[in-house]
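2 protein chains.
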Amino acid sequence: MCTDRTDRDNAGVSTTRKTFEILETLADEDGVTITELTRETSFTKSTVYRHLSTLVDLGYVVERDGAYFVGFRFLEISEQARGRKKGYTAAKRKVFELGKETDERAVFIVEEDYEGVYIHRYGSLSDTMIGKRRPLHSLAAGKTILSEWDDDAVAEFIDTVGLESSTDNTITTPDDLYAELETIRERGYAVNNEEYMAGLRGVAVPVYTPDETLLGALSVFGPTSRFKDEYVHEELPNRLWDKAGEIKVTLAYG
Amino acid sequence: MCTDRTDRDNAGVSTTRKTFEILETLADEDGVTITELTRETSFTKSTVYRHLSTLVDLGYVVERDGAYFVGFRFLEISEQARGRKKGYTAAKRKVFELGKETDERAVFIVEEDYEGVYIHRYGSLSDTMIGKRRPLHSLAAGKTILSEWDDDAVAEFIDTVGLESSTDNTITTPDDLYAELETIRERGYAVNNEEYMAGLRGVAVPVYTPDETLLGALSVFGPTSRFKDEYVHEELPNRLWDKAGEIKVTLAYG
DNA sequence: TGGCATCGTTTTACTCTCCGGAACATTCAT
DNA sequence: ATGAATGTTCCGGAGAGTAAAACGATGCCA
């Protein structure tokens with residue numbers, strides 16, 4: 000296990016790893032200079048210089064007044080990924096409708112590498128969460144996705160990433176998680192009761208393609224004060240089911 | 000010049016170039032297998048294998064049933080770039096309002112590497128243009144941006160990327176471009192008269208930050224049949240100016 | 001004005017590691 | 001079972017990335 004990890008770290012192309020480490024630190028602190036990047040990474044100045052020059056030449060990084068920024072070429076790649084499945088774009092429209100109709104924040108989330116990734120979002124525009132990744136077990140949408148897996152897959156998930164706690168309400172034991180997933184399977188929707196962030200509740204339902212494979216999860220969330228039980232357990236699940244169903248229909252006939 | 004080009008091609012980290020060449024072909028034809036990638040690139044199977052493994056390990060590529068896909072990690076990076084300037088997110092809201100109010104397609108475009116990049120878009124959701132890059136001189140928004148540069152900068156632009164023609168109406172001579180840019184400076188808005196795609200007209204205005212630096216361009220476009228002169232030269236410029244002004248105000252006080 | 005400090009760029013020699021080819025393992029279809 | 005085609009691993013050698021130091025440019029302050 001420990002050797003596995005080490006093997007993995009050393010495996011592959013270590014030069015590429017350097018490139019992406021530089022890229023990630025650049026993404027963290029945008030508009031940064033070469034020497035700053037040198038300080039924040041463990042590489043020498045000439046190494047950072049060469050990697051950055053390459054990235055600029057390729058168009059993935061832009062340089063302005065001596066400061067480096069991640070470029071919009073990544074936007075091209077990521078939009079390609081977001082448009083990979085027709086269902087993703089259908090979900091975009093539904094997220095939007097949902098947000099408008101409920102006047103709440105609405106999101107569409109898929110799983111990747113045992114994490115929940117925000118693909119589409121409606122809500123106060125300033126703080127966009129698109130692209131952000133969260134632990135599956137602490138989100139309504141994440142639990143919805145987990146509820147579609149069999150016990151072995153969930154066990155594997157727990158083994159790999161664990162059940163890190165975000166708030167006092169986060170599910171942190173496998174037994175609790177299994178029980179919760181069973182409830183979700185029975186009800187057909189998941190509820191997040193301040194499990195990721197205090198003061199925030201959420202509801203989510205699974206989204207299927209016409210051939211019944213899971214596409215992702217549709218979710219609505221907001222402040223606990225407004226998310227009363229009746230709202231969370233009656234109105235929102237119904238609205239979410241409708242939208243999820245519409246996505247499936249769109250994929251089948253639209 | 001020719002040596003320059005060669006020098007550049009060989010400069011930097013060639014391993015990183017390989018990684019991105021593989022990544023780009025992967026983005027083109029998503030859900031591809033290792034041997035297919037080997038065919039479409041000039042690399043050996045083992046080389047492709049090692050690079051892909053590294054990218055999977057880093058989380059930028061995902062593998063499912065032997066097929067490889069670009070992952071959503073790029074979404075994280077590109078959203079970071081899209082949120083770099085407060086003005087970009089302010090523009091998102093305005094693009095949206097604009098689209099709703101006019102019931103036309105609306106976009107916000109910025110310049111990068113002498114190309115116009117679609118950053119935000121409102122319109123029929125299926126065919127998203129976000130992240131796509133177009134020649135500046137063949138777009139209303141692009142000409143708007145060019146009109147903000149001085150003649151030397153425009154000359155440099157022409158020298159570097161040229162004036163490729165997309166339709167019969169595309170501006171292809173420097174003189175025509177300079178004249179057009181002068182008109183745009185006087186009027187304060189740019190018009191695209193089927194210069195990029197036959198049957199499509201557009202209008203664009205510049206967007207400034209409170210300190211009067213150019214942020215990008217706001218544009219509306221649609222079919223020639225609906226985009227009559229009065230609409231293009233009266234109503235739309237006024238609407239666009241309003242929105243551009245609101246962005247500036249948002250940045251100053253909001 | 002001159003010198004000090006800082007940063008970006010280039011050069012060089014060394015060593016590491018990436019590459020290609022081939023062998024091996026696996027899967028699948030016939 | 002046999003063959004073909006794919007993914008994976010191994011290995012030696014050469015090519016390429018690395019680090020360190022020197023160079024050049026810029027700017028700041030005395």
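As you go down the protein sequences, you meet chains A and B in turn.
At position 242 of the first sequence the residue is numbered 241 (numbering that gives the first Met the number 0), and the sequence of numbers has no breaks.
At position 217 of the second sequence the residue is numbered 216 (numbering that gives the first Met the number 0), and the sequence of numbers has no breaks.
Ideal Cβ positions, reconstructed from N, Cα and C, are used throughout, including at glycine.
Note that the coordinates shown come from a computational prediction; the quantities given were computed from them, not determined experimentally.
Our contact map puts V260 (chain A) next to A152 (chain A) with C-beta atoms below 8 Å; I'd like the distance itself, whole angstroms only.
Missing from the structure shown is residue 260 (chain A); chain A here goes from 0 to 253 and no further.
Given that I76 (chain B) touches chain A, what residues does it touch there, using C-beta distances under 7 Å?
A26, V69, F73
What residue range does the beta strand (DSSP E) around F19 (chain A) cover?
From DSSP, F19 (chain A) is part of no beta strand (DSSP E) but of the alpha helix (DSSP H) over 13-27.
So F107 (chain B) packs on G215 (chain B), CB below 8 Å; how close in whole Å?
6 Å
Output yes or no for whether 8 Å exceeds the beta carbon distance between L239 (chain A) and V190 (chain A).
no
Along the segment 152-177 of chain B, what residues have a CB closer than 7 Å to any CB found in chain A?
none
The alpha helix (DSSP H) with Y87 (chain B) in it runs from where to where?
85-101
Answer with buried or exposed for K91 (chain A), where buried requires no fewer than 16 other C-beta atoms within 10 angstroms of its C-beta.
Around the CB of K91 (chain A), 16 or more other CB atoms lie within 10 Å, so the residue is classed as buried.
Using the Cα positions of G86 (chain B) and L250 (chain B), report the straight-line distance between them to the nearest angstrom.
7 Å
Relative to the C-alpha of V47 (chain A), which candidate in A:E23, A:R63, A:E229 has its C-alpha closest?
A:E23
Using alpha carbons as the reference points, say which of A:S123, A:T166, A:L162, A:R49 lies closest to T172 (chain A).
A:L162
From the beta carbon of F226 (chain A), is the nearest beta carbon of chain B less than 8 Å away?
no
Tell me which residue opens and which closes the beta strand (DSSP E) that R120 (chain A) is part of.
114-121
Can you say whether R81 (chain A) is buried or exposed, counting buried as having 16 or more other CB atoms within 10 angstroms of its CB?
Answer is buried; the Cβ neighbour count reaches 16.
On a CA-only basis, which of B:H50, B:L36, B:I157 is nearest A66 (chain B)? Give me that one, please.
B:L36
Please tell me whether K61 (chain A) has its Cβ less than 8 Å away from any Cβ of chain B.
Just to set this straight, residue 61 (chain A) is Val in the shown sequence, not Lys. Answer yes: the Cβ-Cβ gap between V61 (chain A) and chain B drops below 8 Å somewhere.
Taking I246 (chain B) as part of the alpha helix (DSSP H), name the residues at either end of that continuous run.
I246 (chain B) -> alpha helix (DSSP H) spans 235-252.
Our contact map puts F71 (chain A) next to V60 (chain A) with C-beta atoms below 8 Å; I'd like the distance itself, whole angstroms only.
At roughly 11 Å, the Cβ-Cβ gap does not stay under 8 Å, so F71 (chain A) and V60 (chain A) are not in contact.
K247 (chain A) and Y188 (chain A): beta carbons closer than 8 Å?
no
Does the beta carbon of R238 (chain B) come closer than 8 Å to any beta carbon on chain A?
no
What does the alpha-carbon distance come out to for the pair L138 (chain A) and K84 (chain B)?
29 Å
What's the C-alpha gap between S41 (chain B) and L217 (chain A)?
L217 (chain A) has its alpha-carbon roughly 42 Å from the corresponding atom of S41 (chain B).
Just list the beta strand (DSSP E) runs in the segment 117-172 of chain B, keeping only unbroken ones of 3 residues or longer that don't cross its boundaries, in chain order.
If we require 3 residues or more, the beta strand (DSSP E) runs fully inside the segment 117-172 of chain B come out as 132-134.
Please check the pair V12 (chain B) and H119 (chain A), which I expect to be a contact at CB under 8 Å, by giving their CB distance rounded to whole angstroms.
Between H119 (chain A) and V12 (chain B) the Cβ distance is about 35 Å, and since that is not below 8 Å, they are no contact.
Is the segment 126-136 of chain A close to the segment 97-116 of chain A, with three or more CB pairs under 8 Å?
yes
Name the chain A residues whose beta carbon is nearer than 7 Å to that of D64 (chain B)?
By Cβ distance, chain A contributes nothing, its closest Cβ being about 12 Å from D64 (chain B), past 7 Å.
Counting only beta-carbon separations shorter than 8 Å, does F19 (chain B) have a partner in chain A?
yes
Could you pull out every unbroken beta strand (DSSP E) segment of at least 3 residues lying fully inside the segment 166-231 of chain B, listed in chain order?
Counting whole runs of 3 or more residues, the segment 166-231 of chain B contains the beta strand (DSSP E) stretches 189-192, 199-207, 213-222.
Does any residue of chain A bring its CB to less than 8 Å from the CB of K44 (chain B)?
Closer than 8 Å: no.
Throw me the rounded Cβ distance for the R200 (chain B) and V231 (chain B) pair, which I believe falls under 8 Å.
6 Å
Any idea if A105 (chain B) is buried or exposed, counting beta-carbon neighbours within 10 angstroms, 16 or more meaning buried?
buried
Opposite F68 (chain A) in the DSSP bridges: which residues?
Its beta-bridge partners are A:V61.
Look up F42 (chain B) in the DSSP assignment and say whether it is helix, strand or coil.
coil
Is there a C-beta anywhere in chain B that falls below 8 Å from the one on R49 (chain A)?
yes
Taking K93 (chain B) and E245 (chain B) to be in contact with their CB atoms under 8 Å, please state how far apart those CB atoms are, rounded to whole angstroms.
Their Cβ separation, rounded to whole angstroms, is 6 Å, which keeps K93 (chain B) and E245 (chain B) in contact under 8 Å.
Can you pull the chain A neighbours of I129 (chain B), defined as C-beta to C-beta under 7 Å?
L74, E78
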